[in-house]
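Working notes, structure below.
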Amino acid sequence: MHDGVAAYVLGVLDDEEHEAFERHLDTCEQCQAELIELAELPEQLDGLKNTPSASDDDPPMSMSR
Numbered sequence: 001m002h003d004g005v006a007a008y009v010l011g012v013l014d015d016e017e018h019e020a021f022e023r024h025l026d027t028c029e030q031c032q033a034e035l036i037e038l039a040e041l042p043e044q045l046d047g048l049k050n051t052p053s054a055s056d057d058d059p060p061m062s063m064s065r
């Protein structure tokens, strides 16, 4: 996987890097395919961030002995 694909999808490239990657993307079929695979990644990460990991009633694992 090209590192730029994930960075592009996540929006962490600066303007110059973004433009350079888009030029690369125009001609690279592998990166185009990877982009399609990763297109939903930001939404998936947001979903994980907003999902509670444990009930408020459950003690931390280190306290559940």
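Each residue of the sequence shown is one higher than the one before, starting from 1 at the first, in full-length UniProt numbering.
Note that beta-carbon positions come from the ideal geometry of N, C-alpha and C, so glycine has one too.
DSSP places residue 11 in the coil class of the three-state scheme, outside both helix and strand. Within the same chain, Cβ atoms closer than 8 Å to the Cβ of residue 35 are found at 5, 8, 9 and 25, the five residues on either side in sequence being excluded. Assigned with DSSP and collapsed to three states, residue 31 falls in helix.
For residue 39, the secondary structure class from DSSP, reduced to helix, strand or coil, is coil.
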